[in-house]
Structure formats: structure tokens, C-alpha cells
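Data first, discussion second: the structure below is written as C-alpha cells.
2 protein chains.
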Amino acid sequence: MALEHAILVSLLEKPGSGYELARRFDRSIGYFWTATHQQIYRVLKRMENDGWVAAREVAQQGRPDKREYSVADLGHAALSSWLHEPIEPETVRHDLAVKIRGAAFDDPAGLVREVERHRQAHADRLAHYLAGEGRDFPPQSPAEAPSSPAEAPSSPAEAPSSPVGEGSSPPPSGASPDAERELQHVVLRGGIAYERMMIAWLDDVLATLHRF
Amino acid sequence: MALEHAILVSLLEKPGSGYELARRFDRSIGYFWTATHQQIYRVLKRMENDGWVAAREVAQQGRPDKREYSVADLGHAALSSWLHEPIEPETVRHDLAVKIRGAAFDDPAGLVREVERHRQAHADRLAHYLAGEGRDFPPQSPAEAPSSPAEAPSSPAEAPSSPVGEGSSPPPSGASPDAERELQHVVLRGGIAYERMMIAWLDDVLATLHRF
DNA sequence: ATCGGCATGTAAACGGTTACATGATTTA
DNA sequence: TAAATCATGTAACCGTTTACATGCCGAT
């Protein structure tokens, strides 16, 4: 399990309420880790009990009060020790691959629309990522090209919203805002590479299905 | 949930016992869907109660008896209706991405070994897939190249073991052994593309980490 | 004689999903 | 006035993971 750790990272990047975290899990962090608000409130409460995070009541005008969480020393230490223990290279769950293999026993051509839907969803996410990359990581001087040609978008692109927030406690070693940005960028590049690969593969799948 | 459906597909490809299924979920099917034996036994029992699969006691010499399951008409129908309903484009969980972003707050260089471990695991899987592709889908006449240059392997490669098994009931429409092979191949190509992408991205990550 | 593979299970704990619930405020 | 957003929760259910358990057979 790593929801706690994903929350810690997000709160280190920028403190926020449970509600705000829930929305981040629809955006930036949410691209590689999902969680519903119910889950987040429950885990957040446990983390507070364990002293990993501390809450601060914040009054707002025109809005309900919120409890803004930030990472406490114990939480920072917990993250650190998680970072230092090895994790298993992930275990994937690809429903679509099961469907594709299953289609051999039931009208392959019937799957075309479904695969096209998925292809569209991945093209949308790619456009979304590229927009975020262009916004948050504009191409610098020489030597660094952000990414290559893209897909035609379709959904409204929205920002990954990753302002350089301030960690609550002093980090053990080399934690510069510089590293934070660079590492966020390399993760985003991973998302971009993933979507590109998926689109190319789904085209391959469509070509294969069209042969039946 | 799609474990039931993954089991149906696997049993359509070839009938087998719970134990055999559990091992298949370490290989072929397991590359895009994991399940432990306990899970499989429980689901299998439920599927039997629902009339989706039928068991047959098979005596073996030198081994305990096994209950060999095959797909019943109701199971085939259940798979068919699942294939026809749309599913959500998957929700990913990338622990490693969380770690990478978290590393900004705790020694980025300390993550190098972990990322290298993951890179190795993906290189191994790629070698494994490519070996399986070479074995089960040998390059045909013209026009079809299986894949491009690869990685240096390291772990012992093992077969995806996908013999063309016989479905128990007559399929609704175009289910040829031909389609079965082709669709298995396109799924395998997806695995290969995924591993290649991951290796390239992890190299990018390593290069980024080395800057700190 | 012990270890690894075959074969099948039970039980408990945990994590994630879905549904339901409340109440204020701003925007269309 | 109705809908969307902010903000926080409870309850029930279901799927997954981990630990424990049993027993036979063949090979070292």
C-alpha cells in the first residue's frame, strides 16, 4: 500500500485539506495513483493519529472552514524509510487485454468500438499531459527538447497544478526546489511515453481486429 | 472486477484445475492479470455454483486427483455479455512514480539502485516475452516483422504456454483458432511495447537522478 | 530423511468502491 | 430556483493479500 505515501508526497509539495487532496488525486498525482475522498479522509485521520501529519483550522470567507494538513517530522521520516525499502515491480491489471484474448471466442469485430473508445481516452490524456508539460516545463535554452509530435486533442486540457510548495520540516539531504521540478517532469514524461505507447498499441490491436 | 472473466478466457483457451490456473496466472495470463490460488479457488467455486463452469474429476498417476474445470454455456454467455459492455480505461497505480516524486524531499541519489532494480526486472520480462514470441509466433513469410532490437536478457526465459485449447460450447460467431492465435499475439506485442517503453523511461529517470 | 512440487483449502485482516448524508455558498 | 462547488463525513460491501493448514508423491 502506498496511499499514505502518495498523500505525504502531495502534502510535501503543498499542504492542503482532505478535499483539496481529493481533487489533486483527480489531477497530477491522480495520473499514477487514484483515491476517492472517502478513502483520503479515513487515511488522513489515521495519519493524524499516528502523528504523520498535523492539521490546522483555516477559516475562509464565503466557504466552509477547512482543515489544512501538513507533514510532520514523523511523516517525513515514514516517507523516507519507505523510499529506502525496495518495492516489487508493479503488478498490472489490464482488463482490455483480457477482453481482447476473450474476443477470440466471441465476435472479434464487436470489440472495435470499445478499443476505439480506449484509444480516444488515451489520446485525450496525452493531449492533457502535453498541455501541462508546455505550461509547467517550457522548453529551455538548448539541449532539451520536451517531446515530439502529438495527437489531435478533444477534451478540455487542465493543469497538473504543481506549484513549488514548501515542505514543513527540513529535508535530510539534497531536496532542492530544482530537484522537485525535475523529478515531477520526469514522471510526467513517463506518463507521456505511456500514453504514446498505448495509442500505438491500440492501433495495432485495431488493425488486427479488422482482419476478422 | 474481471477475475471471473480472466478465468473464463483461460479455461476457454484450455481447461484446467484450480492449481493449473494459479500457475497460468504466474505466466501468460498473469502478465496482465494477477491472482493467487486462494482467490482462484474461491471464485472457481462460485462460478461452479452459478453454472459458469463444470468440473470433472481426473485421476492422475503419481499425483493427487484434480478437478478439471471447463467453461459451460452459461459461462460462455457471461463472458460474451461482459465483452459487450464498455469498461473504464484503466486506473493506474505506479508506486515507483510516487517514490520518484517523493525523492525530491529525501536524497534523490538514494533511489538509483531501486530504479536500476526495476529496470532490470523490466528487461528480464522483455527478454521473456521476446523468447515466447520467437517460440509461439515465428516470423512468417513477408510483410510481418515480429519486433525490433532488444535488451540483453538475464533471467531464464519461460514459455507463455498458449496451446490452442478447445472451447466446450460452440462460440456465437467468428471464433477461429486463427483469431485466437492472432489476438494472443497482439496482446503479447502490447506487453513487449510496454516493457520497451518502461526501460526507456527508467533510463530517462536514471539520467535525471544522476544530475543530483 | 528432507525438500520441492502437486493439489486444495480456511480464516483474518486490510484496502478500495459505492451509496448515502449533510449543509453552506456561488453561479447560471 | 436549480445546479455546481466547497467541505466532511458514515456504513456496508466486496475484492485482495497474507498467514496458516493438510497430505501425497518423487527426487536428492
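Line by line, the protein sequences are chains R and W.
Anchor point for the first sequence: position 145 equals 146 in the numbering used here, and the numbering is continuous, going up by one each time.
Anchor point for the second sequence: position 144 equals 145 in the numbering used here, and the numbering is continuous, going up by one each time.
Cβ coordinates follow ideal geometry from the N, Cα and C atoms, glycine included.
Everything numeric in this text was worked out from a predicted model, so none of it was measured.
Cβ pair residue i, residue j closer than 8 angstroms
{"i": "G107 of chain W", "j": "L84 of chain R", "result": "Looking at the sequence provided, one finds Asp at residue 107 of chain W rather than Gly. Yes, the Cβ-Cβ distance between D107 of chain W and L84 of chain R is below 8 angstroms."}
{"i": "G103 of chain W", "j": "V10 of chain R", "result": "yes"}
{"i": "L75 of chain W", "j": "D51 of chain W", "result": "yes"}
{"i": "V116 of chain W", "j": "V187 of chain R", "result": "no"}
{"i": "E21 of chain W", "j": "A105 of chain R", "result": "no"}
{"i": "H95 of chain R", "j": "F33 of chain W", "result": "yes"}
Cβ-based burial, residue i [other Cβ within 10 Å; buried from 16]
{"i": "P87 of chain W", "result": "exposed"}
{"i": "P139 of chain W", "result": "exposed"}
{"i": "E134 of chain R", "result": "buried"}
{"i": "R1 of chain R", "result": "Nothing can be reported for residue 1 of chain R, as the shown portion of chain R is limited to 2 through 213."}
{"i": "P109 of chain W", "result": "buried"}
{"i": "T209 of chain R", "result": "buried"}
{"i": "E14 of chain W", "result": "buried"}
{"i": "K100 of chain R", "result": "buried"}
{"i": "G63 of chain R", "result": "exposed"}
{"i": "P173 of chain R", "result": "Unreliable placement is indicated for P173 of chain R, whose pLDDT of 46 sits below 50; no coordinate value is reported for it."}
Counterpart residues of residue i in DSSP-defined beta bridges
{"i": "S71 of chain W", "result": "W:A55"}
{"i": "G17 of chain W", "result": "W:Y70"}
Cβ shell of residue i (< 7 angstroms), same chain only, five flanking positions each side left out
{"i": "Y130 of chain R", "result": "L189, G192, I193 and E196"}
{"i": "R126 of chain W", "result": "E196"}
{"i": "H6 of chain R", "result": "L80 and W83"}
{"i": "V93 of chain R", "result": "none"}
{"i": "L97 of chain W", "result": "H119"}
{"i": "W202 of chain W", "result": "none"}
{"i": "P90 of chain R", "result": "none"}
Residues of its chain near residue i, where Cβ-Cβ distance is below 8 angstroms and the 5 sequence neighbours each way are ignored
{"i": "E49 of chain W", "result": "A55, A56 and Y70"}
{"i": "R68 of chain R", "result": "S18, G19, A56, R57, E58 and V59"}
{"i": "R25 of chain W", "result": "S11, G17, G31 and S162"}
{"i": "W53 of chain R", "result": "E5, L9, V72, A73, L75, G76 and A79"}
{"i": "G61 of chain W", "result": "As written in the sequence, residue 61 of chain W is Gln, which differs from the Gly given in the question. Answer for Q61 of chain W: K67, listed in chain order."}
{"i": "S177 of chain R", "result": "none"}
{"i": "Q40 of chain W", "result": "L4"}
6 angstroms Cβ shell around residue i - same chain, five flanking residues per side excluded
{"i": "R123 of chain W", "result": "The sequence shown places His at residue 123 of chain W, rather than the Arg named in the question. Same-chain partners within the cutoff: E196, M199 and I200."}
{"i": "L4 of chain R", "result": "A36 and V44"}
{"i": "Y42 of chain R", "result": "G19"}
{"i": "H38 of chain W", "result": "A23"}
{"i": "R47 of chain W", "result": "none"}
{"i": "V113 of chain W", "result": "L210"}
Closer than 7 angstroms: residue i CB and nearest the ligand SAH heavy atom
{"i": "V54 of chain W", "result": "No copy of the ligand SAH appears in this structure; indeed no ligand is present at all."}
Whole runs of the alpha helix (DSSP H) within the region 72-108 of chain R, excluding any shorter than 4 residues: Taken in chain order, the complete alpha helix (DSSP H) segments of 4 residues or longer contained in the region 72-108 of chain R are 74-85 and 96-103.
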